[in-house]
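Each step along the sequence shown adds one to the number in the numbering used here, with nothing skipped, and position 153 is 161. Ideal Cβ placement from N, Cα and C applies to all residues, glycine included.
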Amino acid sequence: MLVCWDGTYAQRLWCVLEMEDDKALIIRPVSWGPTVLLLFLGHWVFIVTYQVGVTFFASLQLDMAHLWLAMSGLMALPHVIILPVVLHAWRSQMRGIETVQEQLRRFDFYRDTACHCCAVKHIHPQSGKMMLCDRKILAESVATWFGSVSDFETVVQEKVSVVFQEKFQKYPLPYVWMAAAAIPNIWMAFPDFGHMIAAGQYTTAAAHAYGALSWWLAGYQAILLLELRLAHRLRRQRSRWWCDMLLNICIGLVCALVFVVVMMTELLFMLALGENSGQVLYYSLLIVLAVAVWRR
Ligand SMILES: [Zn+2]
């Protein structure tokens, strides 16, 4: 069953009953939608910045080290501008998930759930006639299926709460969703790849394609996962809104610095081992890093 979850889900009587079937439960927080769109926007801004930067710095005819340094600084900007917004959405979502886990751990059938009939005091708002109480009917059904209402509460407290913990603590978003959001990075690689093939530079084109795929499917995903884990550790909402905003900006700055270090490391590999060999080894290490981070 697909659960499109938000903060009110655990308070709806029929929804809690449906969640008991944890074997076939696919939980998709509705907040994932805006988060993935923001990530896509961030990656899109990232590649536009890259293209503008490359064109501009190439016109200055900088040497490779200075070009790399200038590009690293420029590419850190989207981290500072877009990432804090993603981090804000992400930290809010993690707090929401924690709240529902807490609700489920202390779940009380009569106290925590709401249904329409009780909300209108069992009088139909249009006809004025008495309505049957869903809660009473469900309580009888639950007692038949689980032994008693109290046994059902124990199932929700012990099993459904754990399902939430297992599904959301380890990975912030499914890998495929994160890779889909990062797809502008592979679009960016097509023009250069085409030019290299047209010029007969097949080895360089192969290294370029390997690099683009490695960054898209491994490098960006590993770095983003580490960044989101850092944000998860700092998810607690601060007492003042500007403190919370400042925290998001500070995490974004840390991520920007990490990105500069990652890019400069690529330059060091190229200077030490030659352009193609250095890049291929570096990209291979990105894949190893991604596997290590995603397996943890
Ligand atoms: Zn009722």
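A direct Cα-to-Cα measurement between Pro-192 and Ile-145 gives close to 52 Å.
DSSP lists no beta-bridge partner residue for Pro-133.
In terms of Cα proximity to Trp-40, the closest of Val-56, Leu-261, Trp-98 is Trp-98. At least one heavy atom of ligand 1 sits closer than 7 Å to the Cβ of His-130.
For the pair Met-204 and Glu-283, the Cα-to-Cα distance works out to about 15 Å. For Pro-37, the uninterrupted beta strand (DSSP E) segment begins and ends at 34-37. Under the DSSP assignment, Trp-224 falls outside any alpha helix (DSSP H); it carries neither an H nor an E label. Note that the C-beta distance between Val-163 and Phe-154 is below 8 Å. The region 271-287 and the region 211-227 touch, with no fewer than 3 CB-CB distances between them shorter than 8 Å. Just measuring C-alpha positions, the residue of Leu-281, Ala-226, Ala-66, Val-24 sitting nearest Arg-113 is Val-24.
Residue state for Ala-122 is assigned as strand, using DSSP reduced to three classes. A distance criterion of 7 Å places the beta-carbon of Asp-120 beyond contact range of ligand 1, judged by its closest non-hydrogen atom.
DSSP lists Ala-122 as the bridge partner or partners of Arg-20.
Per DSSP, reduced to three states, the secondary structure at Val-11 is strand. The C-beta distance from Leu-254 to Val-301 rounds to 27 Å, too long to fall under 8 Å, and the pair is not in contact.
Separation of the CB atoms of Gly-260 and His-87 is rounded to 6 Å, and the pair is thereby assigned contact status at 8 Å. Our two residues, Trp-249 and Gly-227, have alpha carbons roughly 33 Å apart in a direct line. Between the C-alpha atoms of Ala-213 and Ile-295 there is a straight-line separation of about 19 Å.
By the neighbour-count criterion, in which a residue is buried when 16 or more other Cβ atoms sit within 10 angstroms of its Cβ, Ile-90 is buried. The C-alpha of Leu-49 is placed about 29 Å away from the C-alpha of Leu-68.
Bridge partners of Met-278 according to DSSP: none are assigned.
Excluding residues up to 5 positions away in sequence, Val-44, Leu-47, Phe-48, His-51 lie with their Cβ nearer than 7 Å to the Cβ of Ala-189 in the same chain.
Ranked by Cα distance from Cys-263, the options Leu-21, Val-60, Trp-13, Val-94 are led by Val-94.
Remark: C-beta atoms of Pro-182 and Gln-101 do not approach each other more closely than 8 Å.
Spatial neighbours of Leu-238 in its own chain (CB-CB distance under 7 Å, excluding positions within 5 residues in sequence) are listed in chain order as Ile-259. Not one heavy atom of ligand 1 lies closer than 7 Å to the C-beta of Arg-103. When DSSP states are grouped into helix, strand and coil, Met-196 belongs to the helix group. Around Met-272, the same chain offers Trp-76, Leu-77, Ser-80 as residues with beta carbons nearer than 8 Å, after the five sequence neighbours per side are excluded. Ranked by Cα distance from Pro-199, the options Ile-55, Cys-12, Met-9 are led by Ile-55. Here the distance from the Cβ of Asp-116 to the nearest heavy atom of ligand 1 is not below 7 Å.
Nearest C-alpha to Ala-18 among Phe-277, Val-62, Arg-119, Pro-92: Arg-119.
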